[in-house]
Amino acid sequence: MTAQASSPRTQSMDATQNEVLAEVRNHIGHLTLNRPAGLNAITLDMVRLLQQQLDAWATDANVHAVVLRGAGEKAFCAGGDIRSLYDSFKSGDTLHEDFFVEEYALDLTIHHYRKPVLALMDGFVLGGGMGLVQGADLRVVTEKSRLAMPEVAIGYFPDVGGSYFLPRIPGELGIYLGVSGVQIRAADALYCGLADWYLDSSKLALLDEKLDQMEWQDTPLKALQNLLAKHAVQTLPDAPLEALRPAIDHFFALPDVPSMVEQLRAVTVADSHEWATATANLLETRSPLAMAVTLEMLRRGRHLSLENCFALELHLDRQWFARGDLIEGVRALLIDKDKTPRWNPPTLAALDAAHVASFFHGFDERRS
Numbered sequence: 023m024t025a026q027a028s029s030p031r032t033q034s035m036d037a038t039q040n041e042v043l044a045e046v047r048n049h050i051g052h053l054t055l056n057r058p059a060g061l062n063a064i065t066l067d068m069v070r071l072l073q074q075q076l077d078a079w080a081t082d083a084n085v086h087a088v089v090l091r092g093a094g095e096k097a098f099c100a101g102g103d104i105r106s107l108y109d110s111f112k113s114g115d116t117l118h119e120d121f122f123v124e125e126y127a128l129d130l131t132i133h134h135y136r137k138p139v140l141a142l143m144d145g146f147v148l149g150g151g152m153g154l155v156q157g158a159d160l161r162v163v164t165e166k167s168r169l170a171m172p173e174v175a176i177g178y179f180p181d182v183g184g185s186y187f188l189p190r191i192p193g194e195l196g197i198y199l200g201v202s203g204v205q206i207r208a209a210d211a212l213y214c215g216l217a218d219w220y221l222d223s224s225k226l227a228l229l230d231e232k233l234d235q236m237e238w239q240d241t242p243l244k245a246l247q248n249l250l251a252k253h254a255v256q257t258l259p260d261a262p263l264e265a266l267r268p269a270i271d272h273f274f275a276l277p278d279v280p281s282m283v284e285q286l287r288a289v290t291v292a293d294s295h296e297w298a299t300a301t302a303n304l305l306e307t308r309s310p311l312a313m314a315v316t317l318e319m320l321r322r323g324r325h326l327s328l329e330n331c332f333a334l335e336l337h338l339d340r341q342w343f344a345r346g347d348l349i350e351g352v353r354a355l356l357i358d359k360d361k362t363p364r365w366n367p368p369t370l371a372a373l374d375a376a377h378v379a380s381f382f383h384g385f386d387e388r389r390s
C-alpha cells in the first residue's frame, strides 16, 4: 500500500484497499478516508491500511508531514463501522475484538507520530473519527464540522482515547460531552481545545494548493503553523459552551448521573431552564449503564497516562459486548430500526452502583 513519492496522482490500491487513498505531494503524505457513502466510517481493513501507511512514512525521509482527511462533503469520519462489530459478536467471530486492539494502536501511533500530522475535520467527526484526530498536531475545523463522542446513544462508552482527552478539557465540559454525547460545532471545538484552527470549507482547496507550494525552510511543524496562520484563525466568537460553562461545571460535577438529572429537573431560573430540561430529557434517552460507566471511566482517566487510558478502554471493551448495552443499541438503531432500545437497566433509578463498579474490577491503575 505504500505510495510512491514520485507519483503525481493518488495511488490506486487493489479493490479491497480503495477505502483509504494515499499519495505524496511536496513531501507531504496525504491520507484520505474513502467511504463517503458510509460517512467514512472506519473498518478494520481501513485501520490496517492507515497503520501500514503511517509506519512506512514514519521512516521515509522524503515525507516531512502527514495530512488526514475524509472524502466527500459530509464527514471526515462518522465513527467505527458498528454493524460489522455487531455481526462479528453475533457470529462468534473475533473481528470485534481485533478491531479495538488495532484501532487503539493506530490512535496511539498518531499521538506519538514522529512527524507532524494535520487533520482536516470537515463535516462529521464522531467517535472513531475523534480518535484519529485528537492525536494530530494541527486540527482544523470548518463551518460544517460536527464533533461528538456520541457512544452513550448506542449503549457504549466514549473510547478511542476519550477517557484521556475528554476529562482534560477545562472544568466539566468533557464530562458533559462524554455523558451526554452531544455534538458541538467549530466555535465550541476551539473553545474546548478539541481543535486548533478554523478555516472556511470553501478555502480547503486553496489550502491544498498552498501545501503543494510550501517551502521547507523551517521545521515541518513550524512551516505548517506558518501556513495556517496566513489562512485560518484560532478563535471564534460566541461559543455556546462558554456561556453554559458555569451550569455545566455545576451539574456535571455531581456524584452520579441520577443526581445530575434530578438537579437539572429542579432548575427554575429562566435563563437556564430550557437548557437544563433539554439536557435532562436527552440523558433519559441514553443507556443508563453506558452513562454511569462513562462517568466513572472519565473521572479515572483524569489521573491516568494516555497509554493506560487506552488500556482501561480495552478492559471495558472485553466485557462490554456480553455485559453492556451496545448490542441492544445497535439492534434498535441499525438492525430492527425501531429506535426503541431496551436498556438494561431500563432507567437511571434502577442503576446498581456495585454493578457499575464491577466493570472496573481487575484493572490495575498502579501502572499509571
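Its first residue numbered 23, the sequence shown is counted upward by one per residue in my numbering.
Virtual Cβ for every residue (Gly too), placed ideally from N, Cα, C.
The structure displayed is predicted, hence computed values, not measured ones.
Note on geometry: alpha-carbon atoms of residue 219 and residue 286 lie some 33 Å from one another.
Look at the region 150 to 221 and you find these whole runs of beta strand (DSSP E), each 3 residues long or longer: 160 to 163 and 168 to 170. Exclusion of the five residues before and after residue 353 leaves 108 and 363 as the residues of its chain whose Cβ lies within less than 8 Å of its Cβ. Taking C-beta atoms under 8 Å as the contact rule, residue 315 and residue 179 qualify, at a distance of about 5 Å. Sequence-distant Cβ neighbours of residue 280 in its own chain, meaning closer than 6 Å and more than five residues away, are 370. Contact annotation, residue 170 with residue 206: C-beta distance approximately 7 Å; criterion of less than 8 Å satisfied. Runs of the alpha helix (DSSP H) spanning 4 or more residues and lying entirely within the region 244 to 331 occur at 262 to 273, 279 to 287, 292 to 305 and 310 to 323, in chain order.
Here the region 191 to 198 makes no contact with the region 130 to 138; the two share fewer than three CB pairs at distances below 8 Å. Within a 10 Å sphere around the beta-carbon of residue 268 sit fewer than 16 other beta-carbons, which makes this residue exposed. Residue pairing by DSSP places residue 53 opposite 44 and 90 in a beta bridge. For residue 188, same chain residues with a beta-carbon under 8 Å away, outside a window of 5 residues either side, are 171, 180, 196, 197, 199, 200, 320 and 323 in chain order. A Cβ-Cβ contact shorter than 7 Å links residue 155 with residue 141. DSSP places residue 60 in the helix class (H, G or I) of the three-state scheme. CA-to-CA, the gap between residue 336 and residue 123 works out to about 7 Å.
Sixteen is the threshold: when 16 or more other Cβ atoms of the shown chains lie within 10 Å of the Cβ of residue 153, as they do, the residue is buried. Beta-bridge partners of residue 143 (DSSP): 163. In this structure, the straight-line span from the alpha carbon of residue 296 to that of residue 58 is close to 36 Å.
Across the structure, residue 368 and residue 313 are spaced so that their CA atoms are roughly 12 Å apart.
A straight line joining the alpha-carbon of residue 84 with that of residue 236 spans about 14 Å. In this structure, the alpha-carbon of residue 151 lies about 26 Å from that of residue 113.
In this structure residue 305 is in contact with residue 283, their Cβ atoms being roughly 5 Å apart against a cut-off of 8 Å.
Annotation: the continuous beta strand (DSSP E) that includes residue 97 extends over 97 to 99. Taking a 10 Å sphere around the C-beta of residue 300, we find fewer than 16 other C-beta atoms and assign the residue as exposed.
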